[in-house]
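Trainee: Sequential numbering from 1 applies to the sequence shown in the numbering used here.
Sending over a structure as structure tokens; questions will come in a sec.
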Amino acid sequence: MTRFSIKDSFVKAKKEQRTVFIAFTCCGFVDKEDTVDILLALEGGGTDIIELGIPFSDPQADGPTIQRAHQRGVDQNISLKDVLLTVRKAREKGLNVPIVLMGYYNNFLQYDRDTTLCKDVSEAGADGFIIVDLPPEEAAGLSACAKENGLSYIPLISPTTSKERIDVINSIAHGFIYCVSLNGVTGERKELAPNLNEFIERIRDRVSEPLALGFGLSTREHFLTAGKAADAVVMGSRIIQTIENAEPANTSGRAKAVRQFCASITQP
Numbered sequence: 001m002t003r004f005s006i007k008d009s010f011v012k013a014k015k016e017q018r019t020v021f022i023a024f025t026c027c028g029f030v031d032k033e034d035t036v037d038i039l040l041a042l043e044g045g046g047t048d049i050i051e052l053g054i055p056f057s058d059p060q061a062d063g064p065t066i067q068r069a070h071q072r073g074v075d076q077n078i079s080l081k082d083v084l085l086t087v088r089k090a091r092e093k094g095l096n097v098p099i100v101l102m103g104y105y106n107n108f109l110q111y112d113r114d115t116t117l118c119k120d121v122s123e124a125g126a127d128g129f130i131i132v133d134l135p136p137e138e139a140a141g142l143s144a145c146a147k148e149n150g151l152s153y154i155p156l157i158s159p160t161t162s163k164e165r166i167d168v169i170n171s172i173a174h175g176f177i178y179c180v181s182l183n184g185v186t187g188e189r190k191e192l193a194p195n196l197n198e199f200i201e202r203i204r205d206r207v208s209e210p211l212a213l214g215f216g217l218s219t220r221e222h223f224l225t226a227g228k229a230a231d232a233v234v235m236g237s238r239i240i241q242t243i244e245n246a247e248p249a250n251t252s253g254r255a256k257a258v259r260q261f262c263a264s265i266t267q268p
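Spelled out as structure tokens, the structure:
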């Protein structure tokens with residue numbers, strides 16, 4: 001099989017007249033040995049792009065479910081270098097979908113040069129970054145460096161982001177833009193936030209990259225509804241819960257549960 005880029009994933013989905021499915025998991029959850037098999041299971045269930053979380057001790061944008069996943073990684077002392085090794089191993093085992101590293105700025109401070117960071121990330125086989133707490137006004141250098149190394153830099157936009165700031169975000173974004181569907185932290189909600197269409201259209205009028213909608217989405221119905229507005233839909237907390245509740249509670253059981261859940265979202 002051919003390895004897909006982020007752009008390839010959006011082009012392919014558009015050609016097939018469907019929404020891109022983006023799935024989040026945290027490296028090291030539940031155990032370090034699980035992650036490669038879970039990444040392969042995400043792909044096997046129809047995931048188009050994977051967000052791989054870098055464990056952090058204070059994930060302020062995340063709700064209790066993803067906080068538990070981060071803490072499990074922290075307890076195992078999983079570093080950015082461990083995450084890159086996991087990506088490399090997954091590529092060696094045949095993973096073809098894009099992997100976006102998702103973390104907080106402190107995760108990346110072990111690198112004192114953007115050029116070294118981007119080189120290592122690219123060589124490991126990852127495709128880009130989402131840095132949750134890096135203001136767009138401070139991200140131009142890393143965005144440029146990422147682009148030079150064939151990586152995407154993916155910023156976030158919230159419902160309260162001003163038009164002026166959206167313009168700044170558009171200037172540094174490449175790959176896609178992560179649209180946070182509601183104010184607050186990650187986690188499952190029974191109902192989607194109101195006015196999603198208006199939110200997405202307000203952004204689309206000012207940006208050039210595809211739009212992914214995340215936070216609070218967890219069902220096939222959510223996927224179909226949100227996909228009418230956005231180009232991609234992101235799910236994370238439900239994936240973590242699926243891993244957490246899998247039976248048998250071992251690597252193969254967790255991978256099977258993840259594959260089945262993703263297929264329930266992506267397949268009619």
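Heads up, the beta-carbon is just placed ideally off N, CA and C, and yes, glycines get one too.
None of these values were measured; they are calculated from a predicted model.
Taking its Cβ as the centre, do 16 or more other Cβ atoms sit within 10 Å of Ala13, making it buried, or is it exposed?
Mentor: Sequence index remark: in the sequence shown, residue 13 carries index 13 (1-based). Buried, by the Cβ-count rule.
Trainee: Would DSSP call Leu109 helix, strand or coil?
Mentor: Along the sequence shown, one-based indexing puts residue 109 at 109. Note: Leu109 maps to coil in three-state DSSP.
Trainee: Suppose you measure from the CA of Arg91 to the CA of Ala61; what does that come to, to the nearest Å?
Mentor: Start at 1 with the first residue of the sequence shown, and residue 91 comes out as number 91. Start at 1 with the first residue of the sequence shown, and residue 61 comes out as number 61. Distance between the alpha carbons of Arg91 and Ala61: 29 Å.
Trainee: Between Pro136 and Val168, is the Cβ-Cβ spacing less than 7 Å?
Mentor: Here the question's residue 136 lines up with position 136 in the sequence shown. Here the question's residue 168 lines up with position 168 in the sequence shown. Yes; because the gap between Cβ atoms is below 7 Å, this pair is in contact.
Trainee: With DSSP run on the structure shown, which of helix, strand or coil describes Thr86?
Mentor: What you label residue 86 is simply residue 86 of the sequence shown in a count that begins at 1. Of the three classes helix, strand and coil, the one that applies to Thr86 here is helix, per DSSP.
Trainee: Could you tell me how far apart the beta carbons of Met235 and Ala69 are, in whole angstroms, since I believe they sit closer than 8 Å?
Mentor: Here the question's residue 235 lines up with position 235 in the sequence shown. Here the question's residue 69 lines up with position 69 in the sequence shown. Actually they do not touch by this definition, with Cβ atoms about 13 Å apart.
Trainee: In terms of alpha-carbon separation, which member of Leu85, Thr266, Asp75 lies closest to Gly125?
Mentor: What you label residue 125 is simply residue 125 of the sequence shown in a count that begins at 1. For the residues Leu85, Thr266, Asp75, the minimum Cα distance to Gly125 belongs to Leu85.
Trainee: So is Asp270 buried or exposed if we call it buried at 16+ other beta carbons inside 10 Å?
Mentor: Any answer about residue 270 is impossible in this case: the structure gives the chain only from 1 up to 268.
Trainee: Ignore the nearest five residues each way along the sequence and tell me which others in Tyr111's own chain have a CB closer than 6 Å to its CB.
Mentor: Residue mapping note: residue 111 aligns to position 111 of the sequence shown, counting from 1. Contacts found: Leu117.
Trainee: In the stretch 159-184, which residue ranges form an unbroken alpha helix (DSSP H) of at least 4 residues, counting only runs that do not cross its ends?
Mentor: Segments of the alpha helix (DSSP H) lying fully in the stretch 159-184: 163-172.
Trainee: Report yes if the C-beta distance between Val180 and Phe129 is below 7 Å; otherwise report no.
Mentor: Here the question's residue 180 lines up with position 180 in the sequence shown. Here the question's residue 129 lines up with position 129 in the sequence shown. Cβ atoms of Val180 and Phe129: not closer than 7 Å.
Trainee: In whole angstroms, what is the alpha-carbon distance linking Ala139 and Ile172?
Mentor: As a position in the sequence shown, residue 139 is number 139, starting the count at 1. As a position in the sequence shown, residue 172 is number 172, starting the count at 1. Rounded to the nearest angstrom, the two C-alpha atoms are 7 Å apart.
Trainee: Would Thr104 and Asp133 qualify as a contact pair, given that the criterion is a beta-carbon distance under 7 Å?
Mentor: Looking up residue 104 in the sequence shown gives position 104. Looking up residue 133 in the sequence shown gives position 133. According to the sequence displayed, residue 104 carries Tyr and not Thr. Yes, these two residues count as a Cβ contact at 7 Å.
Trainee: Assuming Pro55 contacts Cys26 (C-beta within less than 8 Å), just tell me the rounded distance between them.
Mentor: As a first step, residue 55 must be located in the sequence shown, where it is residue number 55. As a first step, residue 26 must be located in the sequence shown, where it is residue number 26. Yes, they are in contact, since the Cβ atoms of Pro55 and Cys26 sit about 6 Å apart, within 8 Å.
Trainee: Note down the Cα distance separating Val97 from Phe4, rounded to an integer number of angstroms.
Mentor: The sequence position of residue 97 within the sequence shown is 97, counting from 1. The sequence position of residue 4 within the sequence shown is 4, counting from 1. For Val97 and Phe4, the distance between alpha carbons rounds to 5 Å.
Trainee: Quick one: residues in its chain with C-beta nearer than 7 Å to the C-beta of Gly95, no 5 flanking neighbours on either side, listed in chain order?
Mentor: Position 95 of the sequence shown, counting from 1, holds the residue named residue 95. Gly is not the amino acid found at residue 95; the sequence shown has Leu there. Leu39, Leu40, Glu43, listed in sequence order.
Trainee: Between Val100 and Glu51, how many whole angstroms is the CB-CB distance? I'm expecting something under 8 Å.
Mentor: Looking up residue 100 in the sequence shown gives position 100. Looking up residue 51 in the sequence shown gives position 51. The Cβ separation is near 5 Å, so the contact holds.
Trainee: Keeping to the same chain, check which residues put their C-beta closer than 7 Å to that of Gly73; ignore five residues upstream and five downstream.
Mentor: Within the sequence shown, numbered from 1, the residue matching residue 73 stands at position 73. Closer than 7 Å at the Cβ level, and outside the excluded window around Gly73, lie Cys26, Cys27, Gly28, Phe29, Pro55.
Trainee: Please tell me whether Met102 and Gly53 are closer than 7 Å, where the distance is taken between their beta carbons.
Mentor: Here residue 102 refers to the residue found at position 102 of the sequence shown. Here residue 53 refers to the residue found at position 53 of the sequence shown. Their beta carbons are under 7 Å apart, which means Met102 touches Gly53 by this criterion.
Trainee: Only counting the same chain, and skipping five residues up and downstream in sequence, which positions put a Cβ closer than 6 Å to that of Thr266?
Mentor: Reading the sequence shown from its first residue, position 266 is the one you call residue 266. Closer than 6 Å at Cβ, skipping near neighbours: Phe21, Gly46.
Trainee: Less than 6 Å between C-beta atoms, sequence neighbours within five positions excluded: which residues of the same chain meet that for Gly175?
Mentor: As a first step, residue 175 must be located in the sequence shown, where it is residue number 175. Counting only Cβ-Cβ distances below 6 Å, and skipping sequence neighbours, we find Ile6, Gly128, Ser152, Ile154.
Trainee: Shortest alpha-carbon distance to Phe223 belongs to which of Asp205, Lys32, Leu196, Arg204?
Mentor: Here residue 223 refers to the residue found at position 223 of the sequence shown. Selected option, being the one with the closest Cα: Leu196.
Trainee: In this structure, does DSSP put Ile66 in helix, strand or coil?
Mentor: Along the sequence shown, read from residue 1 onward, the residue named residue 66 stands at position 66. In this structure, Ile66 counts as helix in the three-state DSSP scheme.
Trainee: Kindly indicate which residue of Glu198, Thr115, Ser122 has the alpha-carbon position closest to the one of Val83.
Mentor: The sequence position of residue 83 within the sequence shown is 83, counting from 1. Selected option, being the one with the closest Cα: Ser122.
Trainee: Using the Cβ count rule (16 or more neighbours within 10 Å means buried), how would you classify Leu213?
Mentor: For the purposes of this step, residue 213 is identified with residue 213 of the sequence shown, where counting begins at 1. Buried, since its Cβ has 16 or more Cβ neighbours within 10 Å.
Trainee: Please report how far the alpha carbon of Cys273 lies from the alpha carbon of Gln241, in whole angstroms.
Mentor: Any property of residue 273 remains undetermined from this structure, which presents the chain solely from 1 to 268.
Trainee: Out of curiosity, what's the CA-to-CA distance linking Ala257 and Val11?
Mentor: Residue 257 sits at position 257 when you count from the first residue of the sequence shown. Residue 11 sits at position 11 when you count from the first residue of the sequence shown. The alpha-carbon atoms of Ala257 and Val11 are separated by roughly 28 Å.
Trainee: Using the beta-carbon count (16 or more within 10 Å), is Glu201 buried or exposed?
Mentor: What you label residue 201 is simply residue 201 of the sequence shown in a count that begins at 1. When all chains shown are included, Glu201 counts as exposed.
Trainee: Compute the beta-carbon to beta-carbon distance between Arg259 and Asp34, rounded to the nearest angstrom, for a pair I have assumed lies under 8 Å.
Mentor: By one-based count along the sequence shown, residue 259 stands at place 259. By one-based count along the sequence shown, residue 34 stands at place 34. Not quite, the Cβ-Cβ distance comes to about 13 Å (not below 8 Å), so this is no contact.
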